[in-house]
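So for the sequence shown, the working numbering puts the first residue at 14; every next one is plus one.
Ideal placement from N, C-alpha and C gives every residue a C-beta, glycine not left out.
It should be emphasised that the depicted structure is a prediction, and the values quoted were computed from it without experimental measurement.
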Amino acid sequence: MSSVNNGSERKLRYAVIGAGMAGVLAAIRLKQRGEDFTVYEKAARLGGTWRENRYPGLTCDVPAHAYTYSFEPYPEWRAFYADGGEIQTYFEKTAEKYGVTPHIRFNSEVVSTAWDDERQVWKLGLIGGEQVEVDVVIAASGVLHHVNVPDIPGLDTFEGHAFHTARWDDDARIDGAKVGLVGCGSTGIQIVTALADKVEKLVHFQRSPQWIMPVEQFAYSDADREAFRNDPALMDAIRFSDEYIGNVRRFTDGITDFNSPEIKAVQDLCEQYLNAKITDPELRAKLTPNYQAACKRLVYSWCYYDEVQKPSVYVETGGIERVEPKGVRMKDGTFHELDTLILATGFKADRFIRPTTVLGEGGRSLDDAWATRPTAYYAVTIPEFPNFFMLNGPTGPVGNFSLIDIAERQWDYIEQLLDLIRKGEAKAVAPSAAAHEDYEERRIAAAKKTIFGSGCSSWYLDATGVPASWPWSYDAFAEAMAAPKMADYVIS
Ligand code: NA7
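Structural data, given as structure tokens:
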């Protein structure tokens, strides 16, 4: 990371778009340098995905002590895998501690941002019509935040509460009620585990079953937290343990080749877990996927197979014909009467900063640049969009690594490009079209060999069916982020 701005550098004005995990990170780093920045946040609270998702059972699948900023360990976690509310508290406390909350303008959605070729500045339009001018835009607007509401006929005729999991409806009847749940990603599976004991009946509408990776969950005691406070090395020991970082690194390396021994080991583990836990052959058949483990993002759970076997839960594998006022009608005519219908149907993962209008050099729109698929050079920068940097942008996710770690490394990369501008060696930087094309060619070829491209549908795939995550190893990612190839940048 570069040093504090000591006044000899050009003083830039920065707009950070989004006050989620990545936006708060950018804010902290800019604050530490003494830079002039504002974070524009569309909502009334920071937290991004952890603000928006409040569904019962919400848990992060990265161990809590590995799901923190590297510079801000947190002794207070209540369990090995933290719940969403705790994580939201962590980000709010951290933003407060580092003094960045006052730099966030809440309820201030950025609706447009346009590059002025002549003056080499970005002009932002805010929701109320206000115009703002900055030198640098940091797009930290998140990945999984545009909800995917399924197009099921009759959905709007349902008489009970029907809602997407990221729009949790506190007025919906859950306790002692007949609840329908559509979707079996991490969200749907976590909701089954939280509701099985609360509802009268939970009908889980399953289009595709999921492979479940067994993990262990346990609570931290007061004594554990006291020990973490007194000796932060204990938290590092978890963060850098072979059980976590070693496994996730091996898994991420394995992802790059769907025939790899690592993927075979994951497959064996998931199969053994399923066969050991689910005793009823009919239910086991329903829960057995017809694709390789890890092709869809692996679902981690310590209790799903126990909960799904409870008498209150019914896994419905038939096709949904339509929603009716009192429930869901299946294609075979079966009717499930329901009080509440929960849609755990995921997100439109190809939106990123959109619907914000982004116009780069010569008025080129991001929508045009992304007509085939959203792309960014090494997931961070885009040709013809100078001084525009993305955190957790397209092709950013690296295996099952914590997105915090990924954003921190991306920030270190961005800093080195910003330094060129601060030191007067450039007024604007963007990758060359040729460098980006070369990156995309290599990335797509590698992506097709990854486990995500082995023949299943998932939010990892772009509209052309190519996996849109980092297709190489974690070490390759760390190396790429450590030093931008300056020759690949157009520096004006
Ligand atoms: P996911 O993982 O995208 O899962 C969405 C689920 O919803 C998945 O089971 C889909 O089935 C199902 N789905 C979507 N549309 C429909 C319709 N129309 N009918 C029936 N079922 C449908 O989203 P999550 O929120 O669970 O998790 C997203 C990420 O958040 C997760 O990977 C973690 O990284 C955190 P399909 O598999 O397409 O057959």
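Residue i to residue j span [Cα, whole Å]
i	j	result
G36	P222	34 Å
H449	I395	8 Å
G466	R456	13 Å
K339	L354	10 Å
N19	V261	40 Å
V228	S314	6 Å
R58	D270	41 Å
A127	R263	42 Å
D96	I187	20 Å
V124	D432	28 Å
A179	G437	44 Å
A476	E454	17 Å
N288	T301	9 Å
L98	W63	The sequence shown places Gly at residue 98, not Leu. Cα to Cα, G98 sits roughly 7 Å from W63.
D451	G331	45 Å
Y82	L416	10 Å
Any non-hydrogen atom of the ligand NA7 within 6 Å of residue i CB
i	result
P69	no
G198	yes
L215	no
S470	yes
R310	yes
T358	yes
L416	no
T163	It should be pointed out that residue 163 corresponds to Pro in this sequence rather than to Thr. Yes, the Cβ of P163 comes within 6 Å of a heavy atom of the ligand NA7.
L430	no
R64	no
S314	no
R364	no
V195	yes
R220	yes
L354	no
L157	yes
Local conformation of residue i per DSSP, three classes
i	result
Y68	coil
A57	coil
S314	strand
E275	helix
G375	helix
L474	strand
A140	Correcting the residue type first, residue 140 is Ile in the shown sequence and not Ala. DSSP places I140 in coil when its eight states are reduced to three.
L215	strand
I510	With the chain represented from 14 up to 505, any question about residue 510 goes unanswered, as that position is not in the structure.
F264	helix
W128	strand
Y452	helix
E172	coil
G97	helix
T114	helix
E329	strand
A392	coil
Y27	strand
P302	coil
Reference residue i; option with closest CA among the options
i	options	result
G359	M343, A79, G138, C197	C197
I251	H174, D501, A77	A77
G141	E421, T369, D130, N120	N120
E303	T347, C469, Y53, A56	According to the sequence shown, residue 303 is Asn rather than Glu. Among T347, C469, Y53, A56, the Cα nearest to that of N303 is on C469.
Q322	L247, Y257, P294, D244	P294
G193	E54, G47, E350	E350
Q429	Y487, P407, K498	K498
R367	E122, A79, S21	E122
P245	D488, G47, P86, A56	P86
H159	R238, K361, K344, D169	K361
A153	R435, A278, I427, D237	I427
8 Å CB neighbourhood of residue i in its chain, flanking five on each side removed
i	result
E397	G373, E374, G375, R377, A382, A443, A446
R310	G198, S199, N413, S471, W472, Y473
D49	K24, L25, R26, Y27
K44	F50, Y111, G112, V113, H116
Q144	K136, L137, G138
P163	V195, L356, T358
Residues of its chain near residue i, where Cβ-Cβ distance is below 6 Å and the 5 sequence neighbours each way are ignored
i	result
V149	L25, Y27, N400
I268	G412, T463, I464
R335	P166, G167, R342
K299	V328, T330
Y502	V442, P444
Contact set for residue i: own chain, Cβ-Cβ below 7 Å, skip 5 residues either direction
i	result
A460	G466, V479, P480, P484
Y68	T178, W181, T200, I204
V326	V205, A209, L215, H217, E320
D129	K136
Any chain C beta carbon closer than 7 Å to residue i
i	result
Y87	Within the model displayed, chain C is absent; a lone protein chain is all it includes.
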